[in-house]
Every structure is written in C-alpha cells, then in structure tokens.
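Asker:
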Amino acid sequence: MSMSDRAGRPAPGRLVVLNARVVDPARGVDAAGHLVADDGVVVSCGAGPVPQSLAQQGQAAVRRVDVLGAVLAPGLWDIHVHFREPGQEDKETVATGCAAAAAGGFTRVVTMPNTSPPIDNAGGVCLVLERARAAGLCRVHPAAAITQGLDGTQMCEYDELIAAGAVAFTDDGRWVADGAIMRRAMEYSRMLGVPLITHAQDRSLSRGGAMNEGAWSTRLGLRGIPRAAETVAVARDIELARLTGARLHVAHVSSKDVVELVRRAKHEGLAVTAETAPHFLDFTDAECAGYDTRFKMNPPLRAMHDQEALIEGLVDGTLEAIATDHAPHTVTEKERPFGEAPFGVIGLETSFAACHDRLVRRGPLTLPRLVELLTTGPARILGLPGASLAPGTPADFTLIDPGEQWTPREGDLKSKSRNCPWLGRSLTGRVIGTCLEGKTTYALRGRLEEAAIA
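Number 455 marks the last residue of the sequence shown (the numbering used here); no jumps.
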C-alpha cells in the first residue's frame, strides 16, 4: 500500500449493510442488494440478500445496518481541491478539508499544490500525507507543482515527488505560459506515467478581470475575462500533448469552445481528459448581478449556452469527471467589493446534491452516470484503482438518499470557510453517510442511527 493510500485504521469485525440500492458503475451494478465487509475489506457487495455463507456471524464483532433503500455507492472522488495547508490554515486545513469531504460523501481527494509555500518538494508532499493520516477521514492524494515556486520557469524534481506520493503535476492557479517548459514537463510526466493537469487560462488575456466578459459584465461595470483566455491555453496544451504523447488533463472546463477542443482531441486519439465543476453546471454569469462574491470563481461563470455544452459533454463522455475546485477563503476576504475579492468557492459538502438536483432530477443524466463521473471517471484520469466495491477492495462507500430535499446552512458546514454559492438554496438528493474501510467518517444526524440494527 502506497503512502497516499493509507487512510487510518480499518473498522474491526464484520459490517453488514442491508436493503441498499447498490450502484457500482465499475461493475455495471444497479440493483437492490447488500454489502458485507470484514475488517474494512469488502467480501461481498451486489444484488440480492446477503449470501447464506456470510449470513452467520463468523466474527467476534458484527455491525448490521439497514439503510432502508438508500443508495450505496463507492466512495466519491474529487480530483481538484484546495486544502490551503501549509501556510493558509485560517482558510482551511487538511483536517477540516477532510471533514468537509467526508460530509460530502468523498473518500478520496486530490489536493492542489498552490499552498504557501507551494508543494514543490518531497517534504511538502509528505506533510500533506501526514496531516491526512492524522485526520483519518479521507484518502488524500497530493498533486505537486510543475515548476518550482509555481513561477513557470524551473521544473521540479518529478521522480522525487512521485516517490513521496504525488499522483499528478500542476501549477494550478497559474498556467505555464512558457511553451518550452510545458513541453519538457509533458515529456518527463509521460516517462513517469502520471498526468499533467493544466489550469488553462492565458493571464495576458484574463489579467484584471473579475467575471465572464459579456453582456452582464458590461451591465455591471466589471472588467471581463474572455473565453479566449481559456480557449487559447487549452489549444496550445493539446498541441503539446500531441507532440509529446503525454497525458493531459484539463481542469475546470467552463466554456463551449473548450468542450469542442477536448472532443476533437479525444476523437483523434490523444490522451486528453477533462473535468468541469458543479458551479458551472448550476449557475451562469447572471448570478453576478447582485455582486455576491460567492459567485466569483476562476474560470468565471459563463453564459447559458456554455452550460448547455458542458452538460452535453458529460452526456457524451467528452468530460469524464466532475470536480469541485473547492477553494476556501475567509469571510473577511470574501466581504470585499466584487472586483477586489479573491476568486473561489467551496463545494465539497454540496457537490453531490447540486449535481444530482441539476443533472439527474432536472437534467439528462441517470444516477449511475452521475456516480460514474464522481468515481470511476476520476480514477481513470489518474490511473488509480479503488473506485469500486468489488470483493477484496477497501470498504470505502457512500450512502445517499436521492429523494431528500434539504437546504444547506452555514452552521452545517464542516469546512472552515463559508463561501458556498448553494447556501440557502433548496436541493434534492443528500449524502447521509460515508465510510472509509468500514469506519464511519460521516453520518447525518438522525438517519443512520435510526436505521442501525443491534
């Protein structure tokens, strides 16, 4: 087991989950069924009742939980989060970020390296992993910087970073503008077998902007960020991926033109993948009309036709994952005027609900497809195992009530930050429990306790 896979002590004894709707896209399972785990490892999960051979106690300690028809899915993955440690612990720590992840149904996250100092050396990777192990709530996979200090000029020691536990490289928050540096980074990442993640935005075009360039930015008197800032950056990086054969992952896609670029690259057989974020799927730049900084993020919210293209990209497989880009900030920072406030929103605790409400309840996706975008899709992008509940795998799973209507409130958040655009908005679909190696890391008050059977 690698350092990045260590998540804490598994729950001892046998865990039996009854009367679940098991949704496991990796195995094509969507049926009424069960899960049995021994000492944190799945021994049976699938359709029908618990097998007779496992129905007897056979263990010193047995926990039985009747989930009363709730969805049981593999633990969710988020491949794009900012936990701010080291250096910005007033915004978030690895521990509070992991708590927020567990409350959102996530059992694996990939942390970005734009901390202070950046995660550009093996010691930084080890620090994040140590903090995650101490929290014991979520498996954390650090992404490390492409360049030292995220300055875009000198490459990091990639082999040392991978040995320490890094799973990808990115200068997230900054696009590597020097094409020669990016080419070399891709060549090295290809040799090492890890993806390169690009924060695709040409800063010469986006500098000084606060929201999407368009009718709303003109009406509100705010400087805009053109779609071209994202498009030209992605176009260059795709050409470099073609040249080098590297695995390129495009983070937080926000616009129609980029969806088209990624679609063409895939059709050509290039190793290009992409994600989008819940806020791009649920909101447009019209939300900025009230100058509410909870709707200021980077890339910015785009227009309705961009949102429609993103959803189409999820339907046809152009976009393979949904990731929150969870970006905590202090209340004081976000209370600044819109043009001066920092970019970023949090979304770990509302991600599943927001996506289910928009894409399944009101949109074209099925629940299994949404689960795939939050489990097997991210796993494929990273080339990591673990996005299934097949026998022999860790008992990392999420329990979901797809019919529960609820309204997120500030007081419910586990994150240190409050810059969540879904606060006060009614959503349908809720995570009611999360388990890591059979150990409960989150349980919605009054739900799992009532379902438990002694």
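Glycine included, each C-beta is placed from N, C-alpha and C at the ideal position.
These numbers come from a predicted model, not from an experiment.
#1: Give the DSSP-derived three-state secondary structure of residue 298 in the structure shown.
#2: Residue range of the alpha helix (DSSP H) that residue 423 falls in?
#3: Looking at C-beta atoms only, is the number of pairs between the stretch 185 to 192 and the stretch 245 to 254 that lie closer than 8 Å three or more?
#4: May I have a chain-ordered list of the beta strand (DSSP E) segments no shorter than 3 residues that lie completely inside the stretch 43 to 110?
#5: Would you list the residues sitting across from residue 407 in a DSSP beta bridge?
#6: Here's the rule I'm using: 16 or more other beta-carbon atoms within 10 Å means buried, otherwise exposed. How should residue 457 be labelled?
#7: Whole angstroms is fine: what's the gap from residue 92's alpha carbon to residue 102's?
#8: State the Cα-Cα distance for the pair residue 175 and residue 200, rounded to the nearest angstrom.
#9: Would you mind reading off the limits of the beta strand (DSSP E) that contains residue 172?
#10: When you compare only the Cα positions, how much space is there between residue 426 and residue 210?
#11: Would you kindly check if the distance between the Cβ of residue 314 and the Cβ of residue 251 is under 8 Å?
#12: If distances are taken between C-alpha atoms only, which option among 31, 48, 444 and 37 comes closest to residue 56?
#13: Using a Cβ-Cβ cutoff of less than 7 Å, which residues in the same chain neighbour residue 13 once the five nearest sequence positions on both sides are dropped?
#14: Between 231, 268, 272 and 273, which lies nearest to residue 257 when the distance is taken from Cα to Cα?
#15: Quick check on this structure: which residue in 275, 366, 214 and 233 has the alpha carbon closest to the alpha carbon of residue 289?
#16: Flag this pair as yes or no: are the beta carbons of residue 349 and residue 327 separated by less than 8 Å?
#17: Report buried or exposed for residue 86, applying the criterion of at least 16 other Cβ atoms within 10 angstroms of its Cβ.
#18: By alpha-carbon positions, which one of 82, 357 and 48 ends up nearest to residue 416?
#19: Would you mind stating whether residue 196 and residue 323 have Cβ atoms separated by less than 8 Å?
#20: To which residues does DSSP link residue 36 through a beta bridge?
#21: So the alpha helix (DSSP H) residue 373 belongs to, where does it begin and stop?
#22: Beta-carbon separation of residue 368 and residue 403 under 8 Å?
#23: What is the rounded straight-line gap between the Cα of residue 391 and the Cα of residue 30?
#24: Who are the near neighbours of residue 16 in its chain, counting only those whose CB is closer than 6 Å to its CB and skipping five residues on each side?
#25: Which residue comes first and which comes last in the beta strand (DSSP E) that contains residue 250?
#26: When you compare only the Cα positions, how much space is there between residue 127 and residue 265?
#27: Kindly indicate the opening and closing residues of the alpha helix (DSSP H) around residue 306.
#28: Residue 437: which of 124, 104 and 346 sits nearest, CA to CA?
#29: Within this structure, are the beta carbons of residue 121 and residue 145 separated by less than 8 Å?
#30: By Cβ distance below 7 Å, which residues in the same chain neighbour residue 346 in space, the five residues on each side in sequence not counted?
#31: Find the nearest neighbour of residue 353 within the set 317, 400 and 216, judged by alpha-carbon distance.
#32: What whole-angstrom Cβ distance do residue 205 and residue 212 have, given they're in contact under 8 Å?
#33: Roughly how many angstroms lie between the CA atoms of residue 384 and residue 169, to the nearest whole one?
#34: Look at the Cβ atom of residue 282, then the Cβ atom of residue 351, and state whether they are nearer than 8 Å.
#35: Would you mind working out which of 407, 398, 409 and 413 sits nearest residue 138, comparing C-alpha positions?
#36: Comparing alpha-carbon positions, which option in 360, 113, 180 and 106 lies nearest residue 80?
Answerer: The answer reads as follows:
#1: In this structure, residue 298 counts as coil in the three-state DSSP scheme.
#2: For residue 423, no alpha helix (DSSP H) run applies, since DSSP gives it neither H nor E.
#3: Yes: the two stretches touch, three or more of their Cβ pairs being nearer than 8 Å.
#4: You should have 63 to 67, 72 to 75 and 77 to 82.
#5: 428
#6: In the structure displayed, the chain extends from 2 to 455; residue 457 sits before or after that span and is not available.
#7: Separation of residue 92 and residue 102 (C-alpha to C-alpha, rounded to the nearest whole angstrom) is 15 Å.
#8: 6 Å
#9: Per DSSP, residue 172 belongs to no beta strand (DSSP E) and is neither H nor E.
#10: When rounded, the distance between both Cα atoms is 27 Å.
#11: no
#12: 37
#13: 40 and 62
#14: 231
#15: 214
#16: yes
#17: Label assigned to residue 86: buried.
#18: 82
#19: At a Cβ-Cβ threshold of 8 Å, residue 196 and residue 323 do not count as neighbours.
#20: 18 and 46
#21: 368 to 374
#22: yes
#23: 10 Å
#24: 38, 64 and 439
#25: Here the beta strand (DSSP E) through residue 250 covers 249 to 251.
#26: 38 Å
#27: 305 to 317
#28: Answer by Cα proximity: 104.
#29: yes
#30: 280, 295, 298, 328, 420, 421 and 422
#31: Ranking 317, 400 and 216 by CA distance to the CA of residue 353 puts 400 first.
#32: No, residue 205 and residue 212 are not in contact; Cβ-Cβ is about 18 Å, not under 8 Å.
#33: 10 Å
#34: no
#35: 398
#36: 113
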